[in-house]
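Numbering-wise (my numbering), the sequence shown opens with residue 18 and increments by one.
See below for the structure under consideration.
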Amino acid sequence: MSHAQNPDGVPGSQAETPSDIPAKGWWQILRRGMKDAKADNVPLLAAGVAFYAFLAIFPGLVAALTLYGLVADPSQVTSQLSRVLPNEAQPLISQVTATSGAALTVGLVVSVLVALWSASSGTTKLMAAVNVAYDEREGRGGVKLRAIGVALTVAAIVFLLLSVALVAVVPGILNALQLGVVVQVVAGVLRLALLAGLIMVALAALYRVAPDRDAPRFRWVTPGAAIAATLWILGSAAFSLYVNLFGSYSNTYGALAGVIVLMLWLLLTSYVVLLGAEINAESERQTVVDTTKGRPMPMGERGAFAADTRP
């Protein structure tokens, strides 16, 4: 579609896909996204999500590592996470890893289910924050909300296991095959690209399922997912480098240093995820075209604030 078709003067007002929005339109979207993030108190929301994520991450890891330990060495998960987390936070994850790898029993199944239920509590808090970013009010019943939370938690565990396979298992297979240096380098780049793609897909699924609204088409959740994934990868690397080289959390917090560093990393993660949701919402508001799935509906009847309003 031509970028010139802007009868109301808004760049990209007739866009059917995000790629139809010109650079000027995206500049407006990014500015509004940052402004709305401030208006919606996203830093405060991210802090709340980070707290609940901290409570949920260990039950979630227990479930993931327990299942992974049935077929492989759970310590590979620690190796994978060590590439992202600062050194101070790694002992916390290692403690969970050390308790995994048991045989499959009825008690184990029950413990995994309990861990999933506990972890889903954190997921539902993330869903509530994404609702705020999309300017939606939660109207789903408790059972439905919890079911979606459990489903997203399971999806997160699957994502974690796939990430481990890409980062920890695949290199071992490549080394065993004794391929050439060039092939190893290319394979390494492809692995990182696939990992980034997995992160984008996971975020896109979250943005599509979490808010209580008529679901947007996948093309309208990819911009925020791409931006959030990029910011998360770069931010995690920068934060890890800062903590490892310049941070003095151990001197300040002592035994709590690992907890503090992990909380800060979760805060960073939560912030970029919610910022991606804000950007997605503003990209939908940039166009008059229906961005929700299903039959196109007129503005005001689409069941989504972002799709029913203009900037």
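All C-beta atoms, glycine included, are put in the ideal place defined by N, C-alpha and C.
- About 6 Å separates the CB atoms of VAL305 and SER30; that is less than 8 Å, so the two are in contact.
- Here the alpha carbon of THR141 sits roughly 5 Å from the alpha carbon of GLY166.
- Between SER287 and ALA64, the gap from beta carbon to beta carbon is short of 9 Å.
- When C-alpha distances from LYS310 are compared across ARG302, GLN303 and ALA321, the shortest belongs to ALA321.
- For VAL260, the closest alpha carbon among the candidates ILE277, PRO60 and THR247 is that of ILE277.
- Selection PRO76, MET51 and ARG234 evaluated against GLU33 yields ARG234 as nearest (Cα-Cα).
- Leaving aside the five residues that flank PRO328 on each side, the residues in its chain whose CB is nearer than 8 Å to its CB run, in chain order, VAL27, GLN45, ARG49, GLU299, ARG302 and GLN303.
- The segment 67–76 makes no contact with the segment 262–273; the number of CB pairs closer than 8 Å stays below 3.
- For ASN297, the number of other beta carbons within 10 angstroms of its own is at least 16, and it is reported as buried.
- Contact check for LEU283 against ALA67 passes: the beta carbons are separated by less than 9 Å.
- Where ALA227 is concerned, there is no enclosing alpha helix (DSSP H), because DSSP gives it neither an H nor an E.
- Of all alpha-carbon atoms in TRP134, GLY214 and GLY275, the one lying nearest the alpha-carbon of VAL160 is that of TRP134.
- In the DSSP assignment, GLY275 falls within the alpha helix (DSSP H) that extends over 274–302.
- With respect to ALA213, ALA173 sits apart: the two C-beta atoms are not nearer than 9 Å.
- Contact annotation, ALA227 with LEU292: C-beta distance approximately 14 Å; criterion of less than 8 Å not satisfied.
- Counting every other CB atom within 10 Å of its CB across the protein chains shown gives GLY156 a total below 16, marking it as exposed.
- Note: PRO233 is bridge-paired with THR309 in the DSSP secondary-structure output.
- In this structure, DSSP gives PHE176 a helical state, which the three-state scheme calls helix.
- Contact check for ALA221 and VAL238: beta-carbon distance about 5 Å, within the 8 Å limit, so the pair qualifies.
- Rounded to the nearest whole angstrom, the CA to CA distance from THR308 to ALA70 is 30 Å.
- Counted as a single uninterrupted DSSP element, the alpha helix (DSSP H) harbouring SER253 occupies residues 239–262.
- Between ARG319 and ASP231, the gap from beta carbon to beta carbon is short of 9 Å.
- Exposed is the label assigned to ASN58, since fewer than 16 other Cβ atoms lie within 10 Å of its Cβ.
- LEU258 and TRP43 have their C-alpha atoms spaced approximately 31 Å apart.
- Annotation: ALA219 to ILE244 spans about 13 Å, alpha carbon to alpha carbon.
- As the crow flies, the alpha-carbon of ILE38 is around 12 Å from that of LEU47.
- Straight-line measurement puts the Cα of ILE216 at about 27 Å from the Cα of VAL198.
- For the options LYS41, LEU248 and VAL147, the alpha carbon positioned closest to that of ASP229 is the one of VAL147.
- Of ALA164, GLY139 and VAL149, the smallest CA-CA separation from TYR224 is found for VAL149.
- Minimum Cα-Cα distance from GLY139 among the listed residues VAL171, TYR151, GLY158 and ASP152 corresponds to VAL171.
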